[in-house]
Amino acid sequence: MTDTFEIQIVTPSRLVVRDEVEEAVAPGAMGDFGVLPGHAPFMSAIRVGEIWTRKGPSRTTYVVANGYAEVSPGRMIVLVEGAEREGEIDVDHAEEERRYAEDLLAKNPEGPEAERAEALLEWAELRLTRAGVHRPTPGDAPTP
Numbered sequence: 000m001t002d003t004f005e006i007q008i009v010t011p012s013r014l015v016v017r018d019e020v021e022e023a024v025a026p027g028a029m030g031d032f033g034v035l036p037g038h039a040p041f042m043s044a045i046r047v048g049e050i051w052t053r054k055g056p057s058r059t060t061y062v063v064a065n066g067y068a069e070v071s072p073g074r075m076i077v078l079v080e081g082a083e084r085e086g087e088i089d090v091d092h093a094e095e096e097r098r099y100a101e102d103l104l105a106k107n108p109e110g111p112e113a114e115r116a117e118a119l120l121e122w123a124e125l126r127l128t129r130a131g132v133h134r135p136t137p138g139d140a141p142t143p
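Every letter in the sequence shown is one number past the one before it in numbering that gives the first Met the number 0, and letter 15, counting from 1, is 14.
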């Protein structure tokens with residue numbers, strides 16, 4: 000048995016990563032799951048969250064939107080609506096998506112549009128949080 004497996008994280012517009020790793024942990028619909036080389040085949044829905052990979056002492060984190068993962072003994076393929084490597088998050092785009100989702104929710108507080116807006120808002124806020132952007136909340140005291 001090999002010590003690594005291939006991971007691919009793919010969005011509709013690009014291949015985010017293709018790498019050989021020793022371990023990966025992903026946010027499955029029923030909870031986080033870990034993958035090691037030789038893992039039994041399975042599929043899982045992916046929820047908005049973080050996928051981290053490890054190769055030796057190096058650990059890399061990716062923020063991901065909703066999607067699916069397919070795991071086989073030598074490969075893990077993750078197909079998601081969006082993904083960014085931590086440290087490469089486009090803060091301006093995440094801010095723009097957050098504002099758009101909030102506007103959409105204000106206009107459509109229920110139904111399918113609201114569900115899409117909530118998913119987009121969760122994705123935008125996760126990216127902003129991982130990028131270290133603080134979002135003021137009502138009642139926050141101004142910073143001197």
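Built from N, CA and C at the ideal position, the CB exists for glycine as well. Please read all numbers here as calculations on a predicted model, not as lab measurements.
- prompt: Can you list, in chain order, the residues of its chain whose CB lies under 8 Å from that of Thr-145, leaving out five sequence neighbours each side?
  reply: The structure shown does not extend to residue 145, since the chain is modelled only from 0 to 143, so the question has no answer here.
query: Which partner residues of Thr-59 appear in the DSSP bridge assignment?
result: Thr-52
query: Would you report the Cα separation of Arg-126 and Gly-86, rounded to the nearest angstrom?
result: 10 Å
message: Beta-carbon within less than 6 Å of Thr-59's beta-carbon, same chain only, minus the 5 sequence neighbours each way: which residues are those?
response: Thr-52
- request: Kindly indicate which three-state DSSP category Val-47 falls into: helix, strand or coil?
  value: coil
query: Do you know offhand how far Arg-129's Cα is from Leu-119's?
result: 16 Å
message: Residues in the same chain with beta-carbon distance under 7 Å from Glu-101, minus the five sequence neighbours each way, listed in chain order, please.
response: Leu-120
task: State the DSSP-derived secondary structure class of Arg-129, mapped to helix, strand or coil.
output: Of the three classes helix, strand and coil, the one that applies to Arg-129 here is helix, per DSSP.
- request: For my contact list, Ser-43 and Ala-28 are in at a C-beta cut-off of 8 Å; report their separation, rounded to the angstrom.
  value: 6 Å
message: I need the DSSP call for Ala-25, collapsed to helix, strand or coil.
response: strand
message: I'd like to check one pair, Ala-64 with Val-90: are the Cβ atoms closer than 8 Å?
response: At a Cβ-Cβ threshold of 8 Å, Val-90 and Ala-64 do not count as neighbours.
field: 7 Å CB neighbourhood of Met-75 in its chain, flanking five on each side removed
entry: Excluding sequence positions up to five before and after Met-75, its CB lies within less than 7 Å of the CB of Phe-4, Ile-6, Ala-23, Val-34, Ala-68, all in the same chain and listed in chain order.
field: Own chain partners of Val-62 with C-beta closer than 6 Å, once the 5 adjacent residues on each side are dropped
entry: Glu-49, Glu-83, Leu-125, Arg-126, Arg-129
task: Using only alpha-carbon positions, find the residue among Val-77, Ser-57, Pro-56, Val-70 that is nearest to Val-15.
output: Closest option to Val-15, Cα to Cα, is Val-77.
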